[in-house]
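Notes for the one structure printed next.
2 protein chains.
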Amino acid sequence: MHVLVDGLQGGQVDPLDRGLNYGDGLFETIAVLDGRPRFLDWHLERLAGGAGRLGFPALDAALLRREIAAITFGARCIVKLIVTRGSGPRGYRPPRPASTRRIVAAWDWPAPPASAAAGARVGWCRMRLGRNPALAGVKHLNRLEQVLARAEWDDGVMDEGLMCDEGGSVISATQANLFAKLAGRWVTPRLDQCGVAGVMRRAFCAWQAEQGSPVEERVLARADIESASALLLTNALAGAWPVRELEGRPVPVDGDCGEFSAWLARV
Amino acid sequence: MHVLVDGLQGGQVDPLDRGLNYGDGLFETIAVLDGRPRFLDWHLERLAGGAGRLGFPALDAALLRREIAAITFGARCIVKLIVTRGSGPRGYRPPRPASTRRIVAAWDWPAPPASAAAGARVGWCRMRLGRNPALAGVKHLNRLEQVLARAEWDDGVMDEGLMCDEGGSVISATQANLFAKLAGRWVTPRLDQCGVAGVMRRAFCAWQAEQGSPVEERVLARADIESASALLLTNALAGAWPVRELEGRPVPVDGDCGEFSAWLARV
Chain A
1 MHVLVDGLQG GQVDPLDRGL NYGDGLFETI AVLDGRPRFL DWHLERLAGG
51 AGRLGFPALD AALLRREIAA ITFGARCIVK LIVTRGSGPR GYRPPRPAST
101 RRIVAAWDWP APPASAAAGA RVGWCRMRLG RNPALAGVKH LNRLEQVLAR
151 AEWDDGVMDE GLMCDEGGSV ISATQANLFA KLAGRWVTPR LDQCGVAGVM
201 RRAFCAWQAE QGSPVEERVL ARADIESASA LLLTNALAGA WPVRELEGRP
251 VPVDGDCGEF SAWLARV
Chain B
268 MHVLVDGLQG GQVDPLDRGL NYGDGLFETI AVLDGRPRFL DWHLERLAGG
318 AGRLGFPALD AALLRREIAA ITFGARCIVK LIVTRGSGPR GYRPPRPAST
368 RRIVAAWDWP APPASAAAGA RVGWCRMRLG RNPALAGVKH LNRLEQVLAR
418 AEWDDGVMDE GLMCDEGGSV ISATQANLFA KLAGRWVTPR LDQCGVAGVM
468 RRAFCAWQAE QGSPVEERVL ARADIESASA LLLTNALAGA WPVRELEGRP
518 VPVDGDCGEF SAWLARV
């Protein structure tokens, strides 16, 4: 793992950093393929949107691009970018003006789980997602709900867990967005109450729109997911990952997964 | 400001720390008065409870006490203690076993806001608190809601902001618990959906129970707060802080504030 903290190789983080103290920050996980960060414009666009939502000063996208390029190694790696509101006096009140802090790290591309190539085996998490429209969609650093959801299984049998919000609507997996094929059309949960609006979710929606069948965003219940003819997970690393099993019940893998992956390889 | 990171004076924090990456940690803010951390047993008890809720390994309370003693300076200071799930591989999945990280910092006691001695002027925050029973009451590091609530005013007129949850129930102030006197009795919001169960809240409840009039925890609406005969904020630093104004309307200061402060000075 290589890391730049405010541009400094191998740097460490101030214990007063607001990202650490309050989760007052944002992050992006970016796939580098053939030496190129995939969908970098969209990652930076989402990050800028999150910065606006949290009231951060405008980010220096050119500097972030340079640091991402500097940290990238080999043809294939994972880059994680964290931007926090920096350090400041004690207390929740954000310093004005704030001076943001950048943490840019690169990891080896992980070996895919052996059984996962054929599709993901998923189940329902007990942990719910709290609703807060003010934070919905933003990839911020308050991720305890996902951490506790991911702690629910460690059995080598389940690959991902699906999460509902406090009202019982289905939102996503712990680290992926969710698509369901209902009546021959892909639908995905609305993310206006909670959840993270993933860059690969955007890519899948863009691809479907190109195909002339735009994805519908709507409120989805567990029963909708359980009755879907196919399910699909998306995230920046996996691209589209078909679900092959839901709570032990087989789910057919849809041909769109392969077609989207082929499209992804071209963009 | 003095700081110990895992016992190391002036230490910095690993960029992979899970507290920074996910808010995967807990904190305590402790008032040191006459060289003695006030309610330290209760702070450590709440911390241990939170560690249990998040699935941390058991904390070494004796070590934490030694580090708090080592960082304390002068007769009067503020100690902030952060415990995170430490560092680990990339991803939400908690490492097992986890090795927790300790950050213990001490600050000068802050000058009280000039106008605040006479009581707090409070208003309603627009920011809501998401509900999640799995995290309710725990003083964890996911505090973006409080940060954004605290960012709502900077006018020198409002001292604190009151927050409701997504369902409209009143929960607390941004950095204090709330008590309301209704029909001659103190009541305080239930914290089974969200909010932080403060140590000074516990102290105020203990004092009231000693007086033979236990505080009732219940669901409270804005109208309850607006019709209360007195309002009181509690936190570890301020003790009991009477509210003297709600949205510009004067609120009488109750004599119990002074009596509780006198009791506090004795314990």
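So the sequences go chain by chain: A and B.
Just so we're aligned, residue 1 is where the first sequence starts under my numbering, counting upward by one.
Just so we're aligned, residue 268 is where the second sequence starts under my numbering, counting upward by one.
Here a beta-carbon is modelled for each residue, glycine too, at the ideal position from N, C-alpha and C.
Residue state for A/Leu64 is assigned as helix, using DSSP reduced to three classes. For the stretch 85-117 of chain A, the continuous beta strand (DSSP E) assignments of 3+ residues that do not extend past its boundaries occur at 101-108, in sequence order.
Excluding five sequence positions before and after B/Val424, the CB atoms of its chain that fall closer than 7 angstroms to its own CB belong to Arg388, given in chain order. Within the stretch 387-415 of chain B, contact with chain A at the beta-carbon level (separation under 7 angstroms) is assigned to Met394, Arg395, Gly397, Arg398, Asn399, Ala401, Leu402, His407, Leu408, Asn409, Arg410, Leu411, Glu412, Gln413, Val414 and Leu415.
In the three-state scheme derived from DSSP, where H, G and I count as helix and E and B as strand, B/Phe294 is classed as strand. For A/Met200, the enclosing alpha helix (DSSP H) begins and ends at Val199 to Glu210. Per DSSP, the continuous beta strand (DSSP E) segment holding B/Glu484 begins and ends at Glu483 to Arg485. Looking at the DSSP output, B/Leu271 shares a beta bridge with B/Gln276 and B/Val371.
Using a CB distance below 8 angstroms, the part of the stretch 161-185 of chain A facing chain B consists of Glu166, Thr174 and Gln175, ordered along the chain. With a threshold of 7 angstroms between beta carbons, B/Arg357 makes contact with chain A. Between the C-alpha atoms of A/Thr100 and A/Arg65 there is a straight-line separation of about 16 angstroms. For A/Glu160, no alpha helix (DSSP H) run applies; the uninterrupted beta strand (DSSP E) run containing it begins and ends at Glu160 to Cys164, by DSSP.
Residue nearest to A/Ala116 within the set A/Glu152, A/His43 and A/Glu160 is A/Glu160 (criterion: CA-CA distance). Judged by DSSP in its simplified three-state form, B/Asn288 adopts helix. Rounded to the nearest whole angstrom, the CA to CA distance from B/Leu283 to A/Arg85 is 17 angstroms.
Taking a C-beta distance under 7 angstroms as the contact criterion, A/Val104 and A/Leu237 do not qualify as a contact pair. Contact between the stretch 177-185 of chain A and the stretch 390-402 of chain B is absent, with fewer than three C-beta pairs closer than 8 angstroms. The stretch 76-83 of chain A makes contact with the stretch 28-47 of chain A; the number of CB pairs closer than 8 angstroms reaches 3 or more. At a cut-off of 7 angstroms between beta carbons, B/Pro509 makes no contact with chain A. In this structure, B/Met430 lies near B/Leu396, with their beta-carbon atoms less than 7 angstroms apart.
Boundaries of the alpha helix (DSSP H) around A/Val147: Leu144 to Arg150. A contact is defined here as three or more CB-CB pairs under 8 angstroms, and the stretch 135-149 of chain A meets this definition with respect to the stretch 6-24 of chain A. Remark: C-beta atoms of A/Gly119 and A/Arg266 do not approach each other more closely than 7 angstroms.
Around the beta-carbon of B/Leu499, 16 or more other beta-carbon atoms lie within 10 Å, marking it buried. Any Cβ of chain B closer than 7 angstroms to the Cβ of A/Arg38 would place that residue at the interface, and such an atom is absent.
In the three-state reduction of the DSSP assignment, B/Gly341 falls in the coil class. C-alpha of A/Trp241 to C-alpha of A/Ile68: approximately 26 angstroms in a straight line. Three or more Cβ pairs closer than 8 angstroms define a contact, and the stretch 353-367 of chain B falls short of that threshold against the stretch 471-491 of chain B. Annotation: B/Asp421 to A/Leu135 spans about 21 angstroms, alpha carbon to alpha carbon. Residues of chain A whose Cβ lies closer than 7 angstroms to the Cβ of B/Ile370 are, in chain order, Pro15. The beta-carbon separation of B/Tyr359 and A/Val147, rounded to 5 angstroms, stays under the 8 angstroms limit for a contact.
In the DSSP assignment, A/Arg244 falls within the beta strand (DSSP E) that extends over Gly239 to Leu246. Distance from the CA atom of A/Ala106 to the CA atom of A/Arg38, rounded to whole angstroms, is 14 angstroms.
In the assembly as shown, A/Glu166 is a buried residue. Its beta-carbon has 16 or more other beta-carbons within 10 Å. Within the model, the alpha-carbon separation for A/Thr72 versus B/Glu312 is close to 44 angstroms.
A straight line joining the alpha-carbon of B/Trp530 with that of B/Trp474 spans about 8 angstroms.
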